[in-house]
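Residue numbers (the numbering used here), protein chains in the order written: chain A, 12 to 308; chain B, -6 to 411.
Glycine included, every Cβ here is placed at the ideal spot set by N, Cα and C.
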Amino acid sequence: MSVTSAVTGSRSTNTRSNLTTVLVFLPPALVVFTIFVIIPIGEAAWYGFYRWNGLGELNRYIGLDNYLSLLTNKVFIQAAINNVWIIIVSLGLQLPFALAMAVLLADRRWGAVTFRMIFFLPYILADVACGLIWAFMLDGLFSAIIQWFGGEPYFLLADRQWAFTGVLIVIMWKYFGFHMMLYIAGLQQIDRSLYEAAAIDGANAWQRFRFVTLPGLGSMIRLSVFFSLLGSLQFFDMIVALTKGGPLNSTHTMVSFLYYFGIGRMKVGFGSAVGVVLFILCASVAFGYKRIFMKDD
Amino acid sequence: MLKKVLLGAGLGLTLLASPSIAEDTTVHLMFNSGPQNEAVWRSMADDFEKANPGTKVEINASLENEAYKAKLPTLLQSKDRPDVIYSWAGGVMEDQINAGFIKDISGARDDLKKLVANGALSAYEVDGKLYGAPLMLSLMGIWYNKELTEKAGVDISKIETWDQFLDAVKKIKAAGITPLLMGGGDKWPMMHIYAYLIMRMGGPDVLKNAKAGKDGGFMNPVFIEAGKKLKELADLEPFQDGWLGVPYPPSAGMFGDAKGAMIIQGTWVLNAQSNNSASGKGLDRANIGLAPFPMVEGGKGAATDTLGGVQGFLVTASAPEAATKMLEFFETPDQAKKAAEGGVYIPSSIGTAQYLKDPLLAQAADMIGKAAWHQNFFDQDLGASVGRVLNDVSVAIAAGEMTPEEAAQALQDAWDEL
């Protein structure tokens, strides 16, 4: 009796002190979260049902018109396609490249640390500064170099077909360092003895990579893909600095579309509808991905 | 201990009370950044402060053009609302007035009528009430590099018709010089060319009728014909390489660096071409010529009609009386002539044209004065949403991505959606 009551007694005081901690720390966080996240999302959903220029009264209810018009808006469709391209290039080119670099630089070889820093540097640069520098290079410096070699000057960011490819190149350059660092951290946690065991069993370099490295990096890869997916959907700053969505609205992403076609044109109702669509998309991707792929992490 | 607390509280209360004893008013003035404008308005504000002791004027010119336009709606609804804001009149101003953010200063109308040219002042009237006043007039025209055009064997000042203009462009291009610099990245430089063509072909009522849905609204053949003429120009490939991606400031800088023969821009380009040039100095003003936009044969518009801005200030709803007084003060000839003498802008105040020392600005002021019809920039007149669509379609027509008919339809759709 004494043991059980002692156990029950201490458990109930534990629960009580846990409850107090929760009650003290949760409200401030909840209040902040509600004011800065929940309420704006709710307001955006509300504004999305109106035609509103952001200034006057909210009195032109149009129901789902904003959302329906998005389905036929050519620029929005192009923007959505651009976002998909960013995802494809990130997952298909950038991440494998980052992984290759990580494998090369994970061991403390000569020069490895220096190169890690060099590759990580683009990630530290502010998006806008990066965009402005690259805009100057792609549309100025590179053309000058081409001219110097006797060719016709070519302006990548003014070319409707290829401007977005230019944007993709800058994206690849900027973020692969971040993923590389994630993989290096993951690689350094893999037990070295696993490699030795595999080597003893006669596995070659590729097989060691496939059967020891990749599974060992599993959770890190899933995490990096998660960051990449969400980042691709929310891509904005560099578009503004690089192309402003041009030429001829061919390089918009969904967020830059929201900014230029919603807020920039004083169509806040329309912009809010785009915002809601983006929110639903990002939330579904985030929660869906976590559920399906990161269940056991 | 109690004594200390009481003493502290007493001091605190006195400090709180003192502002009401001093009776200082502060007028907050906000506009888009521009070092020359800021300098001249700061100097006017200093004189205003001296003439009205107890009043201070704080100027906020930190936001660049696009950033200012983007932030203004939020600012107007916050407690940081400036007292006096820069405005281009037109549709955006009407939106701001309808939302109740702008003060009705019709009481000052009589005073202002004595100071400002009537045509310009009426741009700031809506439904018979006055909400602000213009400070500067600007003009879109053809600015040309005299040396380069002479080298190509063309005299721009002799051009009168659109076809003659196209011929000149061909000649300049044949001489290996870029005929027309274009900031297509910002879109609005192209829009002004389209606008002028619409004006020349449609005459003074063209926009009014389109907005009212008369004569087919925006599907009026004038809009389509003007679009075709714009395409004619673009087909000659007169712009610099990569023009679709170049914003306005670098294009002005290129003009200052003598990289092109002409640029169709507003009077502000005189400062921009030196600010943005590689050397920082730009072209020598004696080397720059100004020519009016050519007339289109058979069009309803006169060759003397001008397209330009009536930029000025609006007084916001919560502004103190001093704000309206300051606006009147800025319009007085003694103050306005500072801008004229400094070559900063063409003041809309009466009696200041004589002070324009810069011959190009004087020429522009003369052109505006002689115009029977001075049209506000189309993208301002039409408001934020349709204005941006007009920008988009102008570039689309020139780049061959939209036909003139599709462009007119896009304008009509955007207008109907308002």
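List the DSSP bridge partners of residue i.
i                : result
Glu118 (chain B) : B:Leu123
Lys64 (chain B)  : According to DSSP, which records beta bridges pairwise, Lys64 (chain B) is partnered with nothing at all.
Lys49 (chain B)  : B:Thr19
Val308 (chain B) : B:Val77
Ala355 (chain B) : According to DSSP, Ala355 (chain B) bridges with nothing at all.
Gly259 (chain B) : B:Met133
Ile281 (chain B) : B:Asn138
Ser342 (chain B) : B:Val109
His185 (chain B) : DSSP, once it has assigned bridges, lists no residue as partnering His185 (chain B).
His367 (chain B) : B:Thr299
Tyr61 (chain A)  : A:Tyr72
Phe232 (chain B) : B:Leu173
Ile95 (chain B)  : B:Thr309
Thr154 (chain B) : B:Met288
Which residue's Cα is closest to the Cα of residue i: the options?
i                : options                                   : result
Leu69 (chain A)  : A:Gly59, A:Met148 and A:Asp76             : A:Gly59
Leu115 (chain A) : A:Glu207, A:Leu179 and A:Ala216           : A:Ala216
Ala392 (chain B) : B:Gln304, B:Lys224 and B:Tyr187           : B:Lys224
Thr154 (chain B) : B:Tyr348, B:Glu290 and B:Gly294           : B:Glu290
Glu399 (chain B) : B:Val199, B:Thr48 and B:Ala219            : B:Ala219
Leu259 (chain A) : B:Val386, B:Thr299, B:Gln233 and B:Phe306 : B:Val386
Ala364 (chain B) : B:Ile149, B:Ile98, B:Thr18 and B:Pro197   : B:Pro197
Ile281 (chain B) : B:Tyr61, B:Trp136, B:Ser341 and B:Lys43   : B:Trp136
Val109 (chain B) : B:Ala63, B:Asp277, B:Gly246 and B:Ser341  : B:Ser341
Phe147 (chain A) : A:Arg127, A:Leu168 and A:Pro164           : A:Leu168
Phe370 (chain B) : B:Thr299, B:Ala295 and B:Glu118           : B:Thr299
Asp138 (chain A) : A:Arg171, A:Phe108, A:Val178 and A:Asp170 : A:Val178
Ile152 (chain B) : B:Gln233, B:Met192 and B:Leu283           : B:Leu283
Ile170 (chain B) : B:Lys49, B:Asp250 and B:Val239            : B:Asp250
Ala174 (chain A) : A:Met128, A:Arg276, A:Leu193 and A:His263 : A:His263
Lys72 (chain B)  : B:Ser150, B:Ser311 and B:Phe322           : B:Ser311
Leu240 (chain A) : A:Phe36, A:Trp159, A:Leu106 and A:Leu79   : A:Leu106
Pro66 (chain B)  : A:Lys301, A:Asp307 and A:Gly273           : A:Gly273
Met288 (chain B) : B:Gly301, B:Met194 and B:Ile339           : B:Met194
Gly209 (chain B) : B:Ala401, B:Ala116 and B:Leu411           : B:Ala401
Lys350 (chain B) : B:Leu383, B:Ala279, B:Glu57 and B:Lys164  : B:Ala279
Met23 (chain B)  : B:Asn45, B:Gly47, B:Ser55 and B:Gly84     : B:Ser55
Any idea if residue i is buried or exposed, counting beta-carbon neighbours within 10 angstroms, 16 or more meaning buried?
i                : result
Ile303 (chain A) : exposed
Phe44 (chain A)  : exposed
Asn25 (chain B)  : buried
Trp121 (chain A) : exposed
Glu324 (chain B) : buried
Met395 (chain B) : buried
Phe281 (chain A) : buried
Thr32 (chain A)  : exposed
Thr26 (chain A)  : exposed
Asn29 (chain A)  : exposed
Ser13 (chain B)  : Unreliable positioning characterises Ser13 (chain B) in this predicted model, as indicated by a pLDDT of 44, which lies under 50. The coordinate reading is nonetheless provided below. Ser13 (chain B) is exposed by the Cβ-count criterion.
Ala15 (chain B)  : The pLDDT assigned to Ala15 (chain B) is 46, lower than 50, so where the model puts this residue is not dependable; a value taken from the coordinates is nonetheless given after this. Result: exposed.
Arg119 (chain A) : exposed
Ile99 (chain A)  : exposed
Gly299 (chain A) : exposed
Pro397 (chain B) : buried
Tyr271 (chain A) : buried
Gly27 (chain B)  : buried
Ser295 (chain A) : exposed
Ser244 (chain B) : buried
Asn111 (chain B) : exposed
Gln258 (chain B) : buried
Rounded C-beta distance between residue i and residue j? I'm assuming under 8 angstroms.
i                : j                : result
Trp408 (chain B) : Phe211 (chain B) : 6 angstroms
Val239 (chain B) : Gly294 (chain B) : About 29 angstroms; that fails the 8 angstroms criterion.
Asp181 (chain A) : Leu289 (chain A) : For the record, residue 181 (chain A) in the displayed sequence is Val; it is not Asp. Rounded, the Cβ-Cβ distance is 22 angstroms, inconsistent with contact.
Asp76 (chain B)  : Val20 (chain B)  : 5 angstroms
Leu190 (chain B) : Lys222 (chain B) : 5 angstroms
Below 8 angstroms on C-beta distance, what does residue i contact in chain C?
i               : result
Gln89 (chain B) : Among the protein chains of the structure shown, namely A and B, there is no chain C.
Subject >> Inter-stretch contact (C-beta, 8 angstroms, three-pair minimum) for the segment 216 to 227 of chain A and the segment 85 to 95 of chain A >> reply: no
**OP:** Take every Cβ of the segment 113 to 132 of chain B, pair it with every Cβ of the segment 147 to 167 of chain B, and state whether three or more of those distances are shorter than 8 angstroms.
**Re:** no
Subject >> Inter-stretch contact at 8 angstroms, needing at least 3 Cβ pairs: the segment 235 to 244 of chain A / the segment 182 to 193 of chain A >> reply: yes
**OP:** Decide if the segment 254 to 264 of chain B is in contact with the segment 138 to 155 of chain B; the criterion is three or more beta carbon pairs, one per stretch, under 8 angstroms apart.
**Re:** yes
Subject >> Stretch pair the segment 303 to 317 of chain B + the segment 90 to 108 of chain B: three plus CB contacts closer than 8 angstroms >> reply: yes
**OP:** Please confirm if the segment 21 to 39 of chain B is in contact with the segment 318 to 335 of chain B, defined as three or more CB-CB distances below 8 angstroms between the two stretches.
**Re:** yes
Original post:
Taking contact to mean at least 3 C-beta pairs separated by less than 8 angstroms, is the segment 311 to 321 of chain B in contact with the segment 183 to 193 of chain B?
Top reply: no
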